[in-house]
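Each residue of the sequence shown is one higher than the one before, starting from 1 at the first, in full-length UniProt numbering.
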Amino acid sequence: MAEIVKIDPKVAKYGTGRRKEAVARVWIFPGSGKLYIKSSSGKEWEGKDYFERDILIQKINMPFVVTETLGKFDVYATVKGSGKPAQAEAVMYGIAKALLQYNPELRPSLKSAGLLTRDARVKERKKYAQMGARAKYRWSKR
């Protein structure tokens with residue numbers, strides 16, 4: 001359980017990240033590198049407790065690693081929708097946008113790492129008279 005985080009609007013910078021159905025609202029502010037997540041259930045988590053896999057934490061920290069600001073900002077994010085991997089990517093995009101708001105000179109490094117491009121791939125919808133998006137029902141002559 002995380003302690004209650006107060007966000008000062010004068011210091012904090014905001015960014016929205018999206019991936020698949022996941023939406024992350026992200027605030028960054030100067031600190032010691034802590035990650036606080038508020039899930040759609042209303043519960044607040046430390047980042048490692050919510051995103052249990054190390055690869056997801058690495059993905060979230062990628063904008064900080066690219067801009068060499070790892071450990072200089074605390075992150076507070078609210079996430080909803082989709083699964084945890086998509087939420088982690090949404091947080092990553094939100095952090096990248098917030099860093100850009102904090103210092104516009106970081107744009108070339110974030111851009112070259114591909115962190116400012118939204119991944120627009122979403123699940124294709126199921127079509128009528130088919131099993132799924134592309135799979136058809138099996139045809140039998142008799």
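Beta carbons are placed, not taken as given, at the ideal position from N, Cα and C, and that holds for glycine.
{"Check": "Check whether Ala24 and Ala90 have beta carbons under 8 Å apart", "Outcome": "yes"}
{"Check": "Cβ-Cβ distance between Gly15 and Lys97 below 8 Å", "Outcome": "yes"}
{"Check": "Leu35: first and last residue of the uninterrupted beta strand (DSSP E) it sits in", "Outcome": "35-38"}
{"Check": "Gly71 burial status per 10 Å Cβ neighbour count (16 or more: buried)", "Outcome": "exposed"}
{"Check": "Between the CA atoms of Arg18 and Val122 - distance to the nearest angstrom", "Outcome": "11 Å"}
{"Check": "Residues sharing a beta bridge with Ile28, DSSP", "Outcome": "Lys13, Val75"}
{"Check": "Alpha carbon of Ala49 to alpha carbon of Pro30, nearest angstrom", "Outcome": "Checking the sequence shown, residue 49 turns out to be Asp, not Ala. When rounded, the distance between both Cα atoms is 22 Å."}
{"Check": "8 Å Cβ cutoff met for Tyr76 and Val5", "Outcome": "yes"}
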